[in-house]
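2 protein chains.
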Amino acid sequence: MLLGSVEAGGTKFVCAVGNEDYRILDITNFPTTTPEETLKKTVDYFKQFKDLQAISVSSFGPIELRQNSPKFGYITDTPKVGWSNTDFVGRLKQDFDLPIHWTTDVNGSAYGEYIMATLFNEKINSLVYYTIGTGVGAGAIVNGNFIGDIGHPEMGHVRLKRHPDDLDFKGICPYHGDCLEGLVSGPTFKARLGKSGKDVPLTDHVWDIMAFYVAQAALQVTLMLRPAKIVFGGGVVSEAFLKKVRSQFTELMNDYVDVGDIDKYIVMPLVKNNGSATVGNFALALKEFNK
Amino acid sequence: MLLGSVEAGGTKFVCAVGNEDYRILDITNFPTTTPEETLKKTVDYFKQFKDLQAISVSSFGPIELRQNSPKFGYITDTPKVGWSNTDFVGRLKQDFDLPIHWTTDVNGSAYGEYIMATLFNEKINSLVYYTIGTGVGAGAIVNGNFIGDIGHPEMGHVRLKRHPDDLDFKGICPYHGDCLEGLVSGPTFKARLGKSGKDVPLTDHVWDIMAFYVAQAALQVTLMLRPAKIVFGGGVVSEAFLKKVRSQFTELMNDYVDVGDIDKYIVMPLVKNNGSATVGNFALALKEFNK
Numbered sequence: 001m002l003l004g005s006v007e008a009g010g011t012k013f014v015c016a017v018g019n020e021d022y023r024i025l026d027i028t029n030f031p032t033t034t035p036e037e038t039l040k041k042t043v044d045y046f047k048q049f050k051d052l053q054a055i056s057v058s059s060f061g062p063i064e065l066r067q068n069s070p071k072f073g074y075i076t077d078t079p080k081v082g083w084s085n086t087d088f089v090g091r092l093k094q095d096f097d098l099p100i101h102w103t104t105d106v107n108g109s110a111y112g113e114y115i116m117a118t119l120f121n122e123k124i125n126s127l128v129y130y131t132i133g134t135g136v137g138a139g140a141i142v143n144g145n146f147i148g149d150i151g152h153p154e155m156g157h158v159r160l161k162r163h164p165d166d167l168d169f170k171g172i173c174p175y176h177g178d179c180l181e182g183l184v185s186g187p188t189f190k191a192r193l194g195k196s197g198k199d200v201p202l203t204d205h206v207w208d209i210m211a212f213y214v215a216q217a218a219l220q221v222t223l224m225l226r227p228a229k230i231v232f233g234g235g236v237v238s239e240a241f242l243k244k245v246r247s248q249f250t251e252l253m254n255d256y257v258d259v260g261d262i263d264k265y266i267v268m269p270l271v272k273n274n275g276s277a278t279v280g281n282f283a284l285a286l287k288e289f290n291k
Numbered sequence: 292m293l294l295g296s297v298e299a300g301g302t303k304f305v306c307a308v309g310n311e312d313y314r315i316l317d318i319t320n321f322p323t324t325t326p327e328e329t330l331k332k333t334v335d336y337f338k339q340f341k342d343l344q345a346i347s348v349s350s351f352g353p354i355e356l357r358q359n360s361p362k363f364g365y366i367t368d369t370p371k372v373g374w375s376n377t378d379f380v381g382r383l384k385q386d387f388d389l390p391i392h393w394t395t396d397v398n399g400s401a402y403g404e405y406i407m408a409t410l411f412n413e414k415i416n417s418l419v420y421y422t423i424g425t426g427v428g429a430g431a432i433v434n435g436n437f438i439g440d441i442g443h444p445e446m447g448h449v450r451l452k453r454h455p456d457d458l459d460f461k462g463i464c465p466y467h468g469d470c471l472e473g474l475v476s477g478p479t480f481k482a483r484l485g486k487s488g489k490d491v492p493l494t495d496h497v498w499d500i501m502a503f504y505v506a507q508a509a510l511q512v513t514l515m516l517r518p519a520k521i522v523f524g525g526g527v528v529s530e531a532f533l534k535k536v537r538s539q540f541t542e543l544m545n546d547y548v549d550v551g552d553i554d555k556y557i558v559m560p561l562v563k564n565n566g567s568a569t570v571g572n573f574a575l576a577l578k579e580f581n582k
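Respectively, the protein sequence lines represent chains A and B. Position one of the first sequence corresponds to residue 1 (my numbering), numbered consecutively onward. Position one of the second sequence corresponds to residue 292 (my numbering), numbered consecutively onward.
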C-alpha cells in the first residue's frame, strides 16, 4: 500500500512515499518558492506513483482546519510572501482523486511521535510536540485527536516570566516581542550574542536562560492539558539542553502535579533527523484512507 | 426525573436536586468540616429524594479522575486538612445504587456554562471556565469532553510575564509564589494593599495589574486550546474588570489569531450567583444516567 507525505515548510518541501508500516520507500525535497511552482513540483512527484492510496499534508501556517469552512485546506493569512490564501488541498485534488489529510506541520510531527511511542509499546493517550527552530510551535494529541477548536494552536506565542538576567532583551517576535518564540527561537542567538546558536557552547549562561523559558512552556502545557509526554524537536534542541529544561521544570513545578519520570516526560523525538512529520503523515494518510 | 448535584467546595458544600431541564427543585448548603460528617450530611440530604436517578459531584481537589485507577473517585493529596485520600464516590455508593458522575469543581462549572450556551443557541463546541476567587482554577471542554489526560488541569499555577509596576510583589502561592493564583486570587488584595478586594475601587491601578495577568492566562489558553469562549467566574471577577482584561488581551494578542467578537469571547458566566456548577452537575448526572 502506497501512502504520500508532504511536509510543507516555509523553506523547503519534503515529499515522500511510504507504506502502512510507515517505512519510507522514496523521498525528495525542494525549496519553497511560489505556490504555483512548489505545488506543481509536489503534484509531479506523486504522479510517479500510480498506486498511491492517500496523501497527508503537514503544512506551515496559519492554515484553515475547520472542515465546515469554505477555506478548508487553505494556507490562510501567512507572513510567507505569496502564500496567503493558497488552496493547497484544492490544488492536490485537481490531480489526485484520493483521500487527502490536512493538518499543521507540528500536528504532523506530534502524530508521528504519538504513533512511534505506540510502536515502542509506550502506554500513552496524549502527547505534545514542540519544535524550537527558526520559529516555535507545537501540536497536541489526545486519544488520537488533535487539540484545537476554532483554529489550530499557536503555542509559540505565549508570554512568560522573564529571567532576571535577561530583562534587557526585548525579544524578536515581530508580533509580540518577548513571547516564547521571541525569546528562544534559533535567530535569538544572533540577536542576543551576535553569533549563530551552533557557535554557542552549552556552558554559556544563555542556555540556562532559554531553558527557563522552555521549562515554563512545558509547565504551561502540563497544567493546561496534562499530557502523558512532551517531545521537543527542532534545531535548537539537544539532549544536553533538555537536561537543563527538566531541571528548571522540576524546580518551577515544585511537586505540584505528578508527571511521572521526568526523563520520560520531557524528551527528544523518537524519530531522528526531524523525520517525525513524515511518519505522522503516513499514519494520517492511512487514517484518512480508512475513514 | 430527579437528578442530584453536589458542589463540594473547600469551605462549603452545596447540594441540590433538579430535573432534566436543569431546574433546581431543592437546594441546601453546609460548611465543609470532616469528610465523615460532611459526606454523611450529603448522603442524608439525598436520602430525602426517593426517585433520584443519578448524582453528579464537582469537587475541590486534587482528585483522581482516571477511571482505570484504583483511586478513581477519591480526593487525593489535598492541602485541606483531613481530606487527603478520601473515597468520595465510594462513600456515596455505600448508600446509593445510582450512576455517579465525578469531576472537578471547575469542570462542573465549565459544563454548566457549555450547556447554558447551547440552550441560548450559541454555536460552540468548546469552552474554558476560569474561577478567580480564594484560589484560581479552570476547566475546559471540547466537543462535550473535558480536557486532561494523566490528570485534570491546574491552570491556576502557570507562570506569567510580570507587570513592570508589580515587580516587588512576590505572590502568595505557597507552592509557586508568583504563579497566576499567587498574583490574582482574592487574598492577594490583602497581601498587596492590606485590605479586602471589595474595598478596592476599580480605579485603583492594582486592577490594571491583575487584568494584565488574567489577560495573559486567557492568551495562553487561547494559543494552546483555541476554545470558542472563555468564561470568568468567581468573587474577584466583575464586568468592569473583564473590560480591562479584554483590552489587555487585545493588546497582547496583537491580531495574531482571530477569536471573533472579543465581547462574546471573554465573558461573565451565563448562570448567575456562582450557579454554573449546579447546572453542570444536573447535565452531567443526566449524561451519566444515559450512558
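Ideal placement from N, C-alpha and C gives every residue a C-beta, glycine not left out.
query                                                                                                                                       : result
Members of the region 313-333 of chain B that neighbour chain D once the beta carbon cut-off is set at 8 Å                                  : Of the protein chains in the structure, A and B, none is chain D.
Cβ contact (3+ pairs, closer than 8 Å) linking the region 425-433 of chain B and the region 442-452 of chain B                              : yes
Alpha-carbon spacing of residue 172 (chain A) relative to residue 233 (chain A), whole angstroms                                            : 20 Å
Strand pairing of residue 31 (chain A), partner residues [DSSP]                                                                             : A:12
Selection from B:527, B:519, B:452 and B:472 that minimises the alpha carbon distance to residue 488 (chain B)                              : B:527
Contacting positions in the region 223-257 of chain A - beta carbon closer than 7 Å to chain B                                              : 223, 224, 225, 226, 227, 228, 252, 254, 256 and 257
Residue 101 (chain A), DSSP secondary structure in three states                                                                             : strand
The region 139-167 of chain A: positions lying closer than 9 Å to chain B by Cβ                                                             : 140, 142, 143, 145, 147, 148, 149, 150, 151, 152, 153, 154, 155, 156, 157, 158, 159, 160, 161 and 162
Where the beta strand (DSSP E) through residue 160 (chain A) begins and ends                                                                : It is not in any beta strand (DSSP E) - residue 160 (chain A) carries neither H nor E in the DSSP assignment.
Beta-carbon proximity list for residue 409 (chain B), same chain, < 8 Å, skipping 5 on both sides                                           : 415
Positions along the region 100-125 of chain A whose CB lies within less than 7 Å of some CB in chain B                                      : 125
Cutoff 9 Å: residue 135 (chain A) Cβ touching any chain B Cβ                                                                                : no
Own chain residues within Cβ distance below 7 Å of residue 228 (chain A), not counting five before or after                                 : 124, 125, 126 and 127
DSSP-derived helix/strand/coil call for residue 523 (chain B)                                                                               : strand
Beta-carbon contacts of residue 437 (chain B) that lie in its chain and below 6 Å, excluding the five residues immediately before and after : 398
Residues bridged to residue 131 (chain A) (per DSSP)                                                                                        : A:137 and A:233
Residue 384 (chain B) to residue 373 (chain B) span [Cα, whole Å]                                                                           : 21 Å
Any non-hydrogen atom of the ligand MN closer than 8 Å to residue 369 (chain B) Cβ                                                          : In the structure on display, the ligand MN does not appear, and there are no ligands present to speak of.
Cβ contact (3+ pairs, closer than 8 Å) linking the region 471-478 of chain B and the region 240-256 of chain A                              : no
Neighbouring residues, chain A, relative to residue 474 (chain B) (Cβ below 9 Å)                                                            : What residue 474 (chain B) touches in chain A: nothing, since even the nearest Cβ is about 10 Å away.
Residue 334 (chain B) versus residue 369 (chain B) - alpha carbon distance                                                                  : 22 Å
Span of the alpha helix (DSSP H), counted from its first residue to its last, around residue 206 (chain A)                                  : 206-225
For residue 242 (chain A), the first and last residue of its enclosing alpha helix (DSSP H)                                                 : 239-253
Residue 522 (chain B) vs residue 401 (chain B) beta-carbon contact at 9 Å                                                                   : yes
Spatial distance of residue 73 (chain A) from residue 162 (chain A) (CA atoms)                                                              : 37 Å
Inter-residue Cα distance where the pair is residue 59 (chain A) and residue 433 (chain B)                                                  : 24 Å
Nearest-angstrom Cβ-Cβ length linking residue 311 (chain B) and residue 294 (chain B), presumed shorter than 8 Å                            : 7 Å
Interface partners of residue 466 (chain B) on chain A, CB under 7 Å                                                                        : 254 and 256
Contact set for residue 483 (chain B): own chain, Cβ-Cβ below 7 Å, skip 5 residues either direction                                         : 460 and 497
Under 7 Å by beta carbon: chain A residues contacting residue 507 (chain B)                                                                 : 159
Every unbroken alpha helix (DSSP H) within the region 349-410 of chain B, with a cutoff of 4 residues, ordered by chain                     : 379-386 and 396-410
9 Å Cβ cutoff, residue 260 (chain A) in contact with chain B                                                                                : yes
Simplified DSSP state of residue 553 (chain B), which is helix, strand or coil                                                              : helix
Interface flag, residue 178 (chain A) vs chain B, CB-CB below 9 Å                                                                           : yes
Proximity of residue 180 (chain A) and residue 214 (chain A) at Cβ, strictly below 9 Å                                                      : yes
As assigned by DSSP and simplified to three states, the class of residue 146 (chain A)                                                      : strand
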